[in-house]
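The letter at position 87 of the sequence shown is residue 166 when you use my numbering, and the numbering goes up by one with no holes.
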Amino acid sequence: MPPLSGLQREVSALYRRALRMAARKDPAKRADWSTFVRYTFRTRAESVGPRDVGAIEYLMRQGRKQLELYEEESVRNCSVTSEMRAWDDAQRRRSPQELQR
């Protein structure tokens, strides 16, 4: 596998930071936060092409700002729609081979 570009490393770092934020939330709401983070990243990633650097940088700036707000201790809950839950259930049912594609 070729080394990651700088932008790819930034996206991965933001994703890991978001998952760590979800892990620090109230145990009763962690699953919702995790679903919210995973769904948001996946759907936004699918909305832009891999070579559309301007759009990716814009989404990174937007994501950092949102994450700063979500990291506040006063933010305790997030809204997870039925569409997000259905997507999460489908992702969890996929085999490891399918996930690598």
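Cβ coordinates follow ideal geometry from the N, Cα and C atoms, glycine included.
Exercise. To the nearest angstrom, report how far apart D168 and T122 are at their CA atoms.
Key: The straight-line gap from Cα to Cα measures roughly 15 Å.
Quiz item: Apart from the five residues just before and just after W112, which ones in its own chain have a Cβ nearer than 7 Å to its Cβ?
Solution: The beta carbon of W112 lies closer than 7 Å to those of A101, K104 and C157 in the same chain, with the five residues before and after it left out.
Practice problem: Look at the Cβ atom of R173, then the Cβ atom of T114, and state whether they are nearer than 9 Å. | Solution: If you check the CB distance, R173 and T114 do not come in under 9 Å.
Practice problem: Measure how close the beta-carbons of K108 and R171 come, nearest whole angstrom, since I'm counting them as under 8 Å. | Solution: Contact between K108 and R171 is absent: CB atoms are separated by about 18 Å, not below the 8 Å threshold.
Exercise. Mark V116 as exposed unless 16 or more other C-beta atoms lie within 10 angstroms of its C-beta, in which case mark it buried.
Key: Taking all protein chains in view, the Cβ of V116 is crowded by 16 or more other Cβ atoms within 10 Å, so the residue is classified as buried.
Practice problem: Give every residue of the same chain whose Cβ lies closer than 7 Å to the Cβ of R94, excluding the five residues on either side of it in the sequence, and list them in chain order. | Solution: In the sequence as presented, Arg is not what sits at residue 94; that position holds Tyr. Within the same chain, Cβ atoms closer than 7 Å to the Cβ of Y94 are found at F120, the five residues on either side in sequence being excluded.
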